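To start, the structure under review is shown below, and the notes come after it.
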Amino acid sequence: MRVFVTGATGFVGSAVVQELLKAGHEVSGLARSETSAEQLKAVGANAHYGSIYELDSIRRGVEAADAVIHTAFNHDFSRFAENCETDRSVIEAMGEALKSTNKPLIVTSGTGILSLGQPVLETDRISAENSKSPRKATEEAAAAIAARGVNVSVVRLPPSVHDANDHGFVPLLINLAREKGEAAYVGDGNNRWPAVHRLDAALLYRQILEKNLPPATYHAVGEEGIAFREIATLIGKNLNISVKSKTGQEAADYFGWFLHFASLNSPASSDWTQNTLGWQPVHCGLLADLNSEAYFPAEK
25 MRVFVTGATG FVGSAVVQEL LKAGHEVSGL ARSETSAEQL KAVGANAHYG SIYELDSIRR
85 GVEAADAVIH TAFNHDFSRF AENCETDRSV IEAMGEALKS TNKPLIVTSG TGILSLGQPV
145 LETDRISAEN SKSPRKATEE AAAAIAARGV NVSVVRLPPS VHDANDHGFV PLLINLAREK
205 GEAAYVGDGN NRWPAVHRLD AALLYRQILE KNLPPATYHA VGEEGIAFRE IATLIGKNLN
265 ISVKSKTGQE AADYFGWFLH FASLNSPASS DWTQNTLGWQ PVHCGLLADL NSEAYFPAEK
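Counting from 1, position 89 in the sequence shown corresponds to residue 113 in my numbering; the numbering is continuous, with no gaps.
Shown next as structure tokens:
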């Protein structure tokens, strides 16, 4: 199968590319620079030049493929709402190129867009009442193109997709703790983050593609929910610094723009995903990864 992958040199997308190639698929990855193109060619993928800001390049990549996996997203959180609307535009452009083809499209969302007071399920849908996150633009766009007959499925990733070379939320927390001289959590720290190992997530994308089931929402969740306090405690242990609870202005001063994510309580189930696809997470959990050289090479 010829698969077009956006975000193909990113943390998640590069693992998806490797998983697809290993299974014998032909992969064309979106490349916005010569460096990205060389990275793709080095692993045996083709480079399709363009970016998420060049919608014509996106359409051409989609039209030349048998299937599409969209993992690209601009993680500049100073422009988060704007970046979410860019994602909406990309998905709409993909939908336009895919209408009347039945070619599968898999787009990437997050479990954290829903906070329900109980584990989020694959069948839970966003609404004005249960989600204020700008990131819901992704699922709104997917629903809009699905209504026009596009064969689109959604993969929700948890706040932590972990592995060596992670440059997401957990490294940010580690760097923040180094800078502040202490690790921290909000309140009692019992708010829970789901997590998944990057290689388990990559396998899920491939299985969705190959099973060719009716469009659905899937959860790439290896662990339903880990108390944020436990994450902070391990960071403090590995940096040999204190671990403290923060509330109110003290929490806002410590976490800054990240306070929303540090307070996030959004456990998520993947039971339906596992039962439907036979997907089974097999790699180590977040706390084990955090206590390894993957995250603290200098300290261990």
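For every residue, glycine included, the Cβ atom is placed at its ideal position computed from N, Cα and C.
Computed from a prediction, not measured in an experiment: that's the story for all the values here.
{"Query": "Please list the terminal residues of the continuous alpha helix (DSSP H) segment that includes leucine 44.", "Result": "35-46"}
{"Query": "Valine 176 lies in the beta strand (DSSP E); which residues open and close that run?", "Result": "176-181"}
{"Query": "If you drop the 5 nearest sequence neighbours on each side, which residues of the same chain put their C-beta closer than 8 Å to that of threonine 135?", "Result": "Val144, Arg180, Leu181, Pro182, Pro183, Pro218, His243, Val245, Ser290, Ala292"}
{"Query": "May I have the straight-line CA-CA distance separating glycine 48 from glutamate 234, to the nearest angstrom?", "Result": "12 Å"}
{"Query": "Identify the continuous beta strand (DSSP E) that holds histidine 49 and give its terminal residues.", "Result": "Looking at the DSSP string, histidine 49 is not in any beta strand (DSSP E), and its letter there is neither H nor E."}
{"Query": "Tell me the residue span of the alpha helix (DSSP H) that contains serine 113.", "Result": "104-122"}
{"Query": "Name the one or two DSSP bridge partners that serine 269 has.", "Result": "Tyr209"}
{"Query": "Helix, strand or coil for glycine 31? Go by DSSP, reduced to three states.", "Result": "coil"}
{"Query": "Determine the direct distance from the alpha carbon of serine 75 to that of serine 60, and round the result to whole angstroms.", "Result": "11 Å"}
{"Query": "Who are threonine 132's beta bridge partners in DSSP?", "Result": "Val179"}
{"Query": "Can you have a look at tryptophan 281 and say buried or exposed, based on whether 16 or more other CB atoms are within 10 angstroms of its CB?", "Result": "exposed"}
{"Query": "Alpha carbon to alpha carbon, how far is phenylalanine 35 from arginine 222?", "Result": "8 Å"}
{"Query": "Am I right that serine 133 and arginine 159 are in contact with their C-beta atoms under 8 Å? What's the rounded C-beta distance?", "Result": "7 Å"}
{"Query": "Taking all protein chains shown into account, do 16 or more other C-beta atoms lie within 10 angstroms of the C-beta of threonine 147, making it buried, or fewer, making it exposed?", "Result": "exposed"}
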